[in-house]
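To start, the structure itself, in structure tokens.
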Amino acid sequence: MNSGSEKIFCPLISKEIERIICEDVSWASEGMQPERFVPSAILEINDWKEKCMGCPKHPK
Ligand code: SF4
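So for the sequence shown, the working numbering puts the first residue at 875; every next one is plus one.
Structure (structure tokens):
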């Protein structure tokens with residue numbers, strides 16, 4: 875089994891994304907990663923940074 879592509883449900887886009895993408899988005903929302911790592915579907919959402927930071931799945 876390949877555990878490298880674990881998926882989680884992202885409430886921002888109401889879709890499953892790979893956990894590594896979630897981590898990229900999370901770091902970007904905190905300004906610790908360039909926004910070029912963030913999928914365009916997420917960048918289009920108003921206040922995506924605040925919403926991601928408030929998400930229960932956001933890494934602490
Ligand atoms: S932490 Fe951010 S990227 Fe990850 S699931 Fe939540 S909203 Fe989506």
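Built from N, CA and C at the ideal position, the CB exists for glycine as well.
A quick note: this is a predicted structure, and the numbers were derived from the prediction, not measured.
Taking residue 923 as the centre and dropping the five residues before and after it, the same chain places the C-beta of 903 closer than 6 Å to its C-beta, in chain order. DSSP lists 890 as the beta-bridge partner residues of residue 883. Cβ contact annotation for residue 890 (same chain, cutoff 6 Å, sequence separation greater than five): 881 and 883, in chain order.
Restricting attention to 879, 907 and 928, the CA atom closest to the CA of residue 894 is found in 879.
For residue 909, the three-state secondary structure derived from DSSP is helix.
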